[in-house]
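**Student:** Sequential numbering from 0 applies to the sequence shown in numbering that gives the first Met the number 0.
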Amino acid sequence: MEDTVIADLMDDGMYHDTLYIRGITGITYQTPPQLGNSTLLYFGTDSNGFQNPFALFRVSNTSITTPVETFASLNDSTIEIDSAKFILTFNEDSITTGMIFDLFYFPEGGDSIFSESESNYLNITENDLNPKYVGSSRLSQRESDSLETTSFPTLSFNVAEILDSFSDTSSENRNLTVMIKPKIELLDVYSFKSSESGFTYAPQMLVFSHDTVFVDSTGDSIVVDTISNTFISTNDLSIIIPPIYNDENPSMISLSRGMAYKAIIQIPDLDSISIPQQATITQAQLSFFYANDTSQSNFYLQIHPITDSVSITELEGLLLDDPLATEPSLIAVNLSNNGRISLNIREYLQLHHFGYIQNQGLKMEVANTVSPFNTYSFFISNLDSLAPKLIIQYVAP
Numbered sequence: 000m001e002d003t004v005i006a007d008l009m010d011d012g013m014y015h016d017t018l019y020i021r022g023i024t025g026i027t028y029q030t031p032p033q034l035g036n037s038t039l040l041y042f043g044t045d046s047n048g049f050q051n052p053f054a055l056f057r058v059s060n061t062s063i064t065t066p067v068e069t070f071a072s073l074n075d076s077t078i079e080i081d082s083a084k085f086i087l088t089f090n091e092d093s094i095t096t097g098m099i100f101d102l103f104y105f106p107e108g109g110d111s112i113f114s115e116s117e118s119n120y121l122n123i124t125e126n127d128l129n130p131k132y133v134g135s136s137r138l139s140q141r142e143s144d145s146l147e148t149t150s151f152p153t154l155s156f157n158v159a160e161i162l163d164s165f166s167d168t169s170s171e172n173r174n175l176t177v178m179i180k181p182k183i184e185l186l187d188v189y190s191f192k193s194s195e196s197g198f199t200y201a202p203q204m205l206v207f208s209h210d211t212v213f214v215d216s217t218g219d220s221i222v223v224d225t226i227s228n229t230f231i232s233t234n235d236l237s238i239i240i241p242p243i244y245n246d247e248n249p250s251m252i253s254l255s256r257g258m259a260y261k262a263i264i265q266i267p268d269l270d271s272i273s274i275p276q277q278a279t280i281t282q283a284q285l286s287f288f289y290a291n292d293t294s295q296s297n298f299y300l301q302i303h304p305i306t307d308s309v310s311i312t313e314l315e316g317l318l319l320d321d322p323l324a325t326e327p328s329l330i331a332v333n334l335s336n337n338g339r340i341s342l343n344i345r346e347y348l349q350l351h352h353f354g355y356i357q358n359q360g361l362k363m364e365v366a367n368t369v370s371p372f373n374t375y376s377f378f379i380s381n382l383d384s385l386a387p388k389l390i391i392q393y394v395a396p
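1) Looking at the secondary structure, which residues open and close the alpha helix (DSSP H) in which leucine 162 lies?
2) When you compare each of Phe156, Ser169, Met178, Asn157 to asparagine 51 by their alpha carbons, which one comes out closest?
3) Under 8 Å by Cβ, that's how I've got asparagine 485 and proline 242 pegged, so tell me the actual separation to the nearest angstrom.
4) Run the CB neighbour count on methionine 13, radius 10 Å, all protein chains shown included, and call it buried at 16 or more, exposed below.
5) Considering Cα atoms alone, identify which of Pro387, Ser37, Leu318, Ile311 is closest to threonine 233.
6) Out of Leu162, Pro267, Tyr393, which one is the CA nearest neighbour of proline 106?
7) Excluding the 5 residues flanking phenylalanine 287 on each side, which residues of the same chain have their C-beta closer than 6 Å to its C-beta?
8) Can you give the Cα-Cα distance for leucine 314 and isoleucine 240, rounded to whole angstroms?
9) Three-state secondary structure (DSSP) at isoleucine 311?
10) Determine, for asparagine 126, whether the minimum Cβ-Cβ distance to residues of chain C falls below 8 Å.
11) Mind the definition here: the stretch 76-96 touches the stretch 198-209 only if three or more C-beta pairs lie below 8 Å; say whether that holds.
12) When DSSP builds the beta bridges, which residues end up paired with aspartate 101?
13) Taking all protein chains shown into account, do 16 or more other C-beta atoms lie within 10 angstroms of the C-beta of tyrosine 41, making it buried, or fewer, making it exposed?
14) Given a cut-off of 8 Å on the beta-carbon distance, is the pair isoleucine 404 and serine 139 in contact?
15) Grab the span of the alpha helix (DSSP H) containing arginine 345 for me, first residue to last.
16) Quick check on arginine 21: buried or exposed, where buried means 16 or more other Cβ atoms within 10 Å of its Cβ?
17) Does DSSP put alanine 71 in a helix, in a strand, or in coil?
18) Along the beta strand (DSSP E) that carries aspartate 81, what are the first and last residues, could you check?
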């Protein structure tokens, strides 16, 4: 949280001034979508052409339940596996259709099938992975008991046959990764809860086993204890293939998580703004305007200072990686509000004014949107009242 700037404006030696800056420009650029930190996983094709063909899950090697087990410890000769299920939880509380999904694993995949932060549709495909089919599951829902408020539908795959592969620590190909995909093409998008949704609904493998036989003192009865171990997904990612779309409108910039649209914002002549050297910037609001459409409500916008110069030609076409180096965000994420969004960039401008940061531009992107498939367009033209503007207030001796 920023420290409050305190100034005695009644002091004859201090004065307050306000500057209005226009001429702010911006361009859109595109990288592959990477939604590994999303709370939801997606399958199917939406009306705009986004495809979500499969999702990948890396399971933790250590259970979250007690007694704590690893997959290797379950391979002990005294332990007998009763059953093993991989559970994926639907994001809605009711079923709209009896969808069937397939689960696969990777017996020859090695220990690095995917990266939650780097894998995308350009560097990983289903055929590249050489998956092996394990089984299918139909989305189903059990009745809630009296203690439950909501019982979400789930997919439940029988995965007992892959436990040997998961527990074989001597194998160079050992990995703890599975893939799930719809059995047939889905003509709508359906969402499931990811590991970021919390332990309760995270994708997880449930293993039931027994390893201890108790015989009572008379020898007349045998009691077998069944133990349940839960191994949750620690990394998961749905692969998203965006539609082909070219935004050629020079008066707008577009931002989207699913399309991976980002933008560079340039504030002109910061080095020549007539702010006294000893001035303290008390407020700096950078405002953008967008079409006040209810479908574009409840999104967040964040901005990062760019640290190195970049040419426009470096940002043309679909980029394999984001070329922009940025500072850790100095600027708070702001919620949209009735067609306008304002960002407080006071700290950024103060650091620039004192010479700690160069004016290489600002990287802008949307975050925490209700749906990753929405595109948000902002006016960038300087021809009307909807152009972006910066208002700076400062005090100086």
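Don't be surprised by glycine CBs; every beta carbon is placed ideally from N, CA and C.
**Tutor:** If we stick to the structure as given:
1) 162-166
2) Met178
3) Within the shown structure, residues of the chain are numbered from 0 to 396, placing residue 485 beyond reach of any answer.
4) With fewer than 16 other Cβ atoms within 10 Å, it is exposed.
5) In terms of CA proximity to threonine 233, Ser37 leads the group Pro387, Ser37, Leu318, Ile311.
6) Leu162
7) Ile340, Phe377, Pro387
8) 20 Å
9) Isoleucine 311: helix per DSSP, three-state reduction.
10) In the structure shown, chain C cannot be found, because there is only a single protein chain.
11) Between the stretch 76-96 and the stretch 198-209, the count of Cβ pairs shorter than 8 Å is three or higher; the stretches touch.
12) DSSP, once it has assigned bridges, lists Ser135, Lys180 as partnering aspartate 101.
13) buried
14) Any answer about residue 404 is impossible in this case: the structure gives the chain only from 0 up to 396.
15) 345-352
16) exposed
17) coil
18) 79-88
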